[in-house]
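Sequential numbering from 1236 applies to the sequence shown in this note's numbering.
In what follows, a structure is listed as structure tokens, so that the remarks can point back to it.
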Amino acid sequence: MADDPLVNRLKLRELRILLAVTQAGSMGKAALALSISQPAVSRAITDMESSLGVSLLDRTPQGVEPTPYGRALINRGLIVFDELRLGVNEIKSIADPTAGEVRIGGSSATVVGVIAAVIDRLAAKHPRVSFHVVVTAEPTAHFRLLRERNVDIVIAGMYAPPSEADIDSEILYEDQMVVVASSKNPWTRRRKIKLAELANEPWALLPPDTRLGSAVAEAFRANGLEAPRTTVTTESGHLRDTLLATGRFLTVLQRSLLQFPVKHPSLKVLPAELAATRRPTGLMTLKNRTLSPVARLFIECAREIAKPLAKRKSE
């Protein structure tokens, strides 16, 4: 296949500068991020536009935005640099397949649960592996992280099977929400508890406009009850854990968080059933993207750690 002269004129340095400008929103900020001068940034963009014969950026008083031509080049540029990074990592892995970096996205629950457990196990066995973890809340954010090559893997709750044609997914286990208290809480000494008995206890819960927060309200309604009066509404897991440690507060967590030795060793599940709160937790990757040996190692470890949780559902 003959070389395209336009492609031959493009330089990786110029493409990297274009990506930096669109990410920063201005040439000045991109220059600072790249530690080069602003005229050098402007000249690189001008040279690319001259070579391609199209405008790549729209200049506005608020900064710069990619044109449709610029956006097409940026989308492909992300893939170019991602493949280069994977190539460098693959070269390193030839010498040591258990060294390198893996980037994982997850929800606040999976990050401190199954993801933390996988990291704990792999770090003990393979100390040369490094981990970069990104926490997001919504499925759309998970998909964007994968498509922009910011993460290799996402492990998160799936409220519906992903319908995106470019996303591969598998269910690791089904999780269930449970009522939880500190082992110091008097309710932990009861063998049977009706959910209605806990309605007026002090609760520390997620905001009702979050997925898990709304699921708590739905679970109470499924039992014919109003949602409990929340004493503390917070997205801070650290604050929630601090309040639970007093022995007075209750909360709702995914059961999986109590299965791993990394966190929550002093919490107990109360025998108060929350109906209709099973949600699958899945592992997602980008289709047709070659994963590094370290990323594949992470996936295999995640499957192994999830086995007891998947088995519990089938029993």
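Even glycine gets a Cβ: it sits at the ideal position worked out from N, Cα and C.
Counting only the same chain and skipping the five closest in sequence on each side, list residues whose C-beta sits under 6 angstroms from that of residue i.
i     : result
G1263 : Q1273
F1484 : P1437, A1439 and L1478
E1432 : none
E1300 : D1293
M1393 : P1515 and G1517
I1177 : The structure shown does not extend to residue 1177, since the chain spans only 1236 to 1550, so no value can be given for it.
Under the three-state reduction of DSSP, which class applies to residue i: helix, strand or coil?
i     : result
A1636 : No information on residue 1636 is available, as it lies outside the stretch 1236 to 1550 that the chain covers here.
H1367 : strand
G1472 : helix
D1387 : coil
I1271 : coil
A1237 : With a pLDDT of 47 at A1237, under the threshold of 50, the modelled position of that residue is not reliable, and the figure given next carries that caveat. Coil, per DSSP.
I1428 : coil
Based on DSSP bridge pairs, tell me the residues matched to residue i.
i     : result
P1515 : E1409
L1292 : P1301
K1503 : A1416
Q1258 : According to DSSP, Q1258 bridges with nothing at all.
G1392 : T1516
Leaving aside the five residues before and after residue i along the sequence, list all residues of the same chain whose C-beta is less than 8 angstroms from its C-beta, in chain order.
i     : result
D1403 : M1519, T1520, L1521 and K1522
L1254 : I1309, G1312, L1313 and F1316
M1236 : Unreliable placement is indicated for M1236, whose pLDDT of 38 sits below 50; no coordinate value is reported for it.
Which residues bound the alpha helix (DSSP H) around residue i?
i     : result
E1336 : Segment G1335 to G1341 is the beta strand (DSSP E) holding E1336; no alpha helix (DSSP H) there.
L1381 : P1374 to R1382
By Cβ distance below 7 angstroms, which residues in the same chain neighbour residue i in space, the five residues on each side in sequence not counted?
i     : result
L1321 : T1525 and S1527
L1447 : L1441
T1465 : W1438 and L1440
V1386 : R1338, I1339, G1340, V1369 and L1380
Would residue i count as contacting chain D if we go by Cβ distances under 8 angstroms?
i     : result
R1251 : Protein chain content of the structure displayed is limited to a single chain, and chain D is not contained in it.
At which residues does the beta strand (DSSP E) containing residue i begin and terminate?
i     : result
L1566 : In the structure as shown, the chain begins at 1236 and stops at 1550. Residue 1566 is therefore absent and cannot be evaluated.
Do the stretch 1502 to 1517 and the stretch 1411 to 1419 meet, that is, are 3 or more Cβ pairs less than 8 angstroms apart?
Proximity of the stretch 1502 to 1517 to the stretch 1411 to 1419 meets the contact definition, three or more beta-carbon pairs being nearer than 8 angstroms.
Below 8 angstroms, how does it come out for the stretch 1418 to 1431 and the stretch 1439 to 1452: are there three or more Cβ pairs, yes or no?
Judged by Cβ distances under 8 angstroms, the stretch 1418 to 1431 makes no contact with the stretch 1439 to 1452, as fewer than three pairs qualify.
Touching by the beta-carbon criterion (3+ pairs, under 8 angstroms), the stretch 1330 to 1345 and the stretch 1362 to 1371:
These segments touch.
If we count Cβ pairs, one from each stretch, closer than 8 angstroms, do we get three or more for the stretch 1352 to 1368 versus the stretch 1457 to 1476?
When Cβ pairs closer than 8 angstroms are counted between the two stretches, the stretch 1352 to 1368 is seen not to touch the stretch 1457 to 1476, the count staying below three.
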